[in-house]
Amino acid sequence: MTEGATRRTVLATGAAAIVAPVAACGGNADGSSGGDLGSTKDIPEGGGKIFKDQKVVVTQPAKGDFKAFSAICTHLGCTVSKVANGTIDCPCHGSRFHIADGSVAHGPATRPLPAKSIKVQGNSIKLT
Ligand code: FES
């Protein structure tokens with residue numbers, strides 16, 4: 268009688284600890300995702316700030332009253348480039364939009380900038 272071959276399976280287990288590299292996230296100081304629009308302190312009263320990456324413009328038409336609109340001009344789709352004298356201005360063909368409601372102040376655009384929904388918590392502004 269022959270004995271069946273003893274099969275020994277050796278599972279080699281790596282004993283070395285695998286050290287996962289710690290990924291350092293660049294970008295926002297607080298590491299939050301794209302909805303963060305920074306601090307209310309960065310939005311001038313009677314003016315606004317353009318967030319090119321998020322394609323959003325945040326305005327403060329009256330003290331403590333923050334609004335947000337799409338930064339894409341409704342004329343031919345340029346990104347608006349400045350907020351001055353109560354309007355959000357497009358560099359391409361001169362359209363201007365009121366900071367209070369995004370409505371057209373000056374053509375050739377005929378449609379208002381669509382409003383974006385934001386939430387203000389303390390000093391921080393976030394897209395919702
Ligand atoms: S794309 Fe803004 S004015 Fe034409």
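First residue of the sequence shown? That's 268 in the numbering used here, and the numbers climb one at a time after it.
Built from N, CA and C at the ideal position, the CB exists for glycine as well.
Here the structure is a predicted model, which is why all the values come from computation and not from measurement.
Residue i, enclosing beta strand (DSSP E) - first and last residue
i           : result
residue 327 : 323-329
residue 355 : 354-356
residue 385 : 385-388
residue 363 : 363-365
residue 313 : Neither: residue 313 is in no beta strand (DSSP E) and is coded neither H nor E.
residue 394 : 391-394
Beta-carbon spacing of residue i, residue j below 8 angstroms
i           : j           : result
residue 323 : residue 394 : yes
residue 392 : residue 336 : no
residue 376 : residue 341 : yes
residue 350 : residue 314 : yes
residue 316 : residue 325 : yes
residue 330 : residue 390 : no
Contact belief for residue i with residue j at Cβ below 8 angstroms, rounded distance in angstroms
i           : j           : result
residue 327 : residue 310 : 5 angstroms
residue 355 : residue 339 : Actually they are not in contact, since the Cβ atoms of residue 355 and residue 339 sit about 11 angstroms apart, beyond 8 angstroms.
residue 382 : residue 374 : In fact, because the Cβ distance is near 20 angstroms, the residues do not count as touching under 8 angstroms.
residue 364 : residue 380 : 5 angstroms
CB contact below 8 angstroms: residue i versus chain D
i           : result
residue 321 : No chain D is present in this structure, which holds just one protein chain.
For this session: Kindly provide the chain-ordered list of residues whose Cβ lies closer than 5 angstroms to any non-hydrogen atom of the ligand FES.
Result: Near the ligand FES, meaning a Cβ closer than 5 angstroms to any of its heavy atoms, lie the following residues in chain order: 340, 342, 343, 345, 357, 359, 360 and 362.
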